[in-house]
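These protein sequence lines are chains A and B, in that order.
Positions in the first sequence are counted from 1; adding 571 to them yields my numbering.
Positions in the second sequence are counted from 1; adding 119 to them yields my numbering.
Beta carbons are placed, not taken as given, at the ideal position from N, Cα and C, and that holds for glycine.
Note that the structure is predicted; figures quoted are calculated from it, not measured.
Worksheet for the structure shown next.
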Amino acid sequence: MVVPKTLGVETEYGIVLRGTDEPNPISASSLLINSYLMVREPRSQPRVSWDFEDESPARDARGETPLHALAPEIETHLVNAVLTNGARYYVDHAHPEYSTPECADARSVLIHDRAGEQILIESMAAAKTMLADHQEIVVYKNNSDGKGNSYGCHENYLMDRSTPFGQIVQHAISHFVTRQIYIGAGKVGTELPGMNRDEVTFQLTQRADFFEEQVGLETTLKRPIINTRDEPHADARKYRRLHVIAGDANMSEVSTYLKVGVTAIVLGMIEHDAISKTFTFADPVRAMQQVSHDLTLKQPLDLDDGTRIRAIDVQQSLFDDAQRFIDEHGTDSVGGPVALDVMERWGRTLELLRSDPMELADTLDWVAKYRLLEAYRERHGLSWSDARLAAMDIQYHDMRPGRSLARKLGLQTIVTDEEVFAARTDPPEDTRAYFRGECLRKWGDHIVAANWDSLVFDVGVDPLRRIPMMEPTRGTRQHVGTMLEECNTPLELLERLNG
Amino acid sequence: MAEREQKKRSGQSQETDAVEELPATSESGEKLKADMDDLLDEIDEVLETNAEDFVKSYIQKGGQ
């Protein structure tokens, strides 16, 4: 079975409430999100809340749940909203989190990830009106506080259930370890246990220091490179959802685009058994950190057969396989025409990383941040351990437009402001997110709960009615656009769906 | 126990991986400097005023 790589990104933002001695990040996150909902969707009371009926984050893709595994907490009492663009905006683990709707390709994910940023920006402005004059909530799109605390930016990819999980683990690890050379958001110092912070001056990624296992169910402790959460939010007989926790939140559009676009292609290749070489690292966790700590991109990594290979050469091998794969199978299952553009950018990026990474200073996050910090350091004659550089590292990810150093740098863009603005309220048209979003827009007052794979309607007369949405690629504008237009009430919709 | 030993070992060997500086070519180095000067002036205006306090107070609860 060929499964289109429906995909999405969930981002936990760092949050600071300025102007108070005892900030409570949970209440600050709630205030932030509630302020947005009141300003943007004042008529949507009672607010549509998330439906936890089908959530099972403790289910393990390896088939058994280890006894020591902790189910990720689900804090059902916290603010948890579904938006008309099909996204979920909520408080998770003391952070505001934004999950994009399901998207059909990397470009669409990028638009919705940027729309999420815009929603956070508007949320900060809305929250300001609720706070005392000297207070302000500021959010940061990063993954670490520089003191050993990390929060994630996760990717999700729809996959074929029949692909053996071991096959995914084998190849996905080598991709996740080596893709860091273009997806890293950059970080000053290290937070690796047992090392002093300034033993590493600057590294490629925010997250590498926090991985301790190859494969596992946890996401908050002993983080694994491959997360085994088996919660497809779709027909579990046909699909799995690969929940990827080994990536950085990106400010750069190109980094986000390559992160999800290339990974979708690689996962499609795994399903087709189209990867020609197997690279098994002797110690994948150590390789992850080695790649991140090596600014030269030249250090070879130990393979378990005693040979060594550089991260960029693993990526080159995957790229060469991908070209053959697309020649043979086309791009239908890995993002359509967008996949061709992803291929072109992937190939060019690898070339430049090989010849002179600094050429990517307006393109990739880690290079942009490194160049900025290095120039500042030189101008003021600072050592890498100077607090001013650590401050700039954090401020690179500041979401306030006037303060964000990433935005000041003027990085290359791929999508337009118009597309991003529209995606704050409009769902993608080519996944089931369209059905969710349009139903919310049209009949929000009648929807009592929503989640990824169902909507629950209260039509007044009957018991509550649940509409299952177990096929992520159905419920598109093409499938249901006319029907949604023709129905005047949710009851009519339910009748049409049952008829 | 085995795990602890492994951790120690990887910690030790990591120290030997000295982080090399990026070898910028002289050409791109020059260009880099010219482009950066204006930007650094501009950025100076928006940088956090007390870097040390700001970095110290940026504490997050661990998430996923």
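DSSP, read as helix, strand or coil, puts residue 942/A in helix.
Under the DSSP definition of a beta bridge, residue 667/A partners with 662/A. In the DSSP assignment, residue 959/A falls within the alpha helix (DSSP H) that extends over 958–966. Residue 955/A has no beta-bridge partner at all, per DSSP. Cβ-Cβ separation between residue 671/A and residue 662/A: approximately 17 Å, too far for a contact (criterion under 8 Å). Here residue 979/A is buried, its C-beta having at least 16 other C-beta atoms within 10 Å. Distance from the CA atom of residue 664/A to the CA atom of residue 598/A, rounded to whole angstroms, is 11 Å. In this structure, the alpha-carbon of residue 832/A lies about 31 Å from that of residue 611/A. Of the candidates 175/B, 154/B, 182/B, 179/B, the residue whose Cα lies closest to the Cα of residue 958/A is 175/B.
Per DSSP, the continuous beta strand (DSSP E) segment holding residue 711/A begins and ends at 707–711.
Residue 891/A does not reach chain B, its nearest Cβ partner there being about 26 Å away, counting only Cβ pairs nearer than 9 Å. Where residue 703/A is concerned, there is no enclosing alpha helix (DSSP H), because DSSP gives it neither an H nor an E. Residue 703/A and residue 909/A have their C-alpha atoms some 46 Å from each other. The three-state reading of DSSP puts residue 583/A in strand, counting E and B together. At least one CB of chain B lies nearer than 8 Å to the CB of residue 976/A.
Beta-bridge partners of residue 758/A (DSSP): 774/A. Taking C-alpha positions only, residue 1024/A is separated from residue 668/A by approximately 19 Å. Between residue 716/A and chain B, the shortest Cβ-Cβ separation is below 8 Å. In the structure shown, the three-state DSSP call for residue 1010/A is helix. Residue 852/A carries a strand assignment under DSSP once its states are collapsed to helix, strand and coil.
At a cut-off of 8 Å, the C-beta of residue 659/A has no neighbouring C-beta in chain B. Sequence-distant partners of residue 1065/A (beyond 5 residues in either direction) whose C-beta falls short of 8 Å from its own C-beta, in its chain, are 1028, 1030, 1036, 1038. The bridge partners DSSP lists for residue 821/A come to none. Beta-bridge analysis with DSSP links residue 620/A to 652/A, 1020/A. In chain order, 178, 179, 180, 181, 182 make up the part of chain B whose C-beta sits under 9 Å from the C-beta of residue 720/A.
Under the Cβ criterion of 8 Å, residue 700/A is not counted among the residues facing chain B. Cβ-Cβ separation between residue 815/A and residue 799/A: approximately 11 Å, too far for a contact (criterion under 8 Å). Shown here, residue 998/A sits in coil according to DSSP, grouped into three states, outside any helix or strand.
Taking 8 Å as the Cβ-Cβ cut-off, the region 847–861 of chain A approaches chain B at 854, 856, 857, 860, 861, given in chain order.
Of all residues in the region 942–962 of chain A, the ones placed with a Cβ closer than 7 Å to any Cβ belonging to chain B are 942, 946, 947, 950, 958, 959, 961, 962, in chain order.
A residue is called buried once 16 or more other Cβ atoms fall within 10 Å of its Cβ, and residue 891/A, having fewer, is exposed.
Judged by DSSP secondary structure, residue 610/A falls outside any beta strand (DSSP E) and instead within the alpha helix (DSSP H) spanning 596–611. For residue 746/A, no beta strand (DSSP E) segment is defined; the enclosing uninterrupted segment is the alpha helix (DSSP H) at 736–749. With respect to chain B, the C-beta atom of residue 777/A has no partner C-beta closer than 8 Å. Here residue 651/A is buried. Its C-beta has 16 or more other C-beta atoms within 10 Å. Taking the beta carbon of residue 666/A as reference, the chain B residues within 8 Å of it are 179, 180, 182, listed in sequence order.
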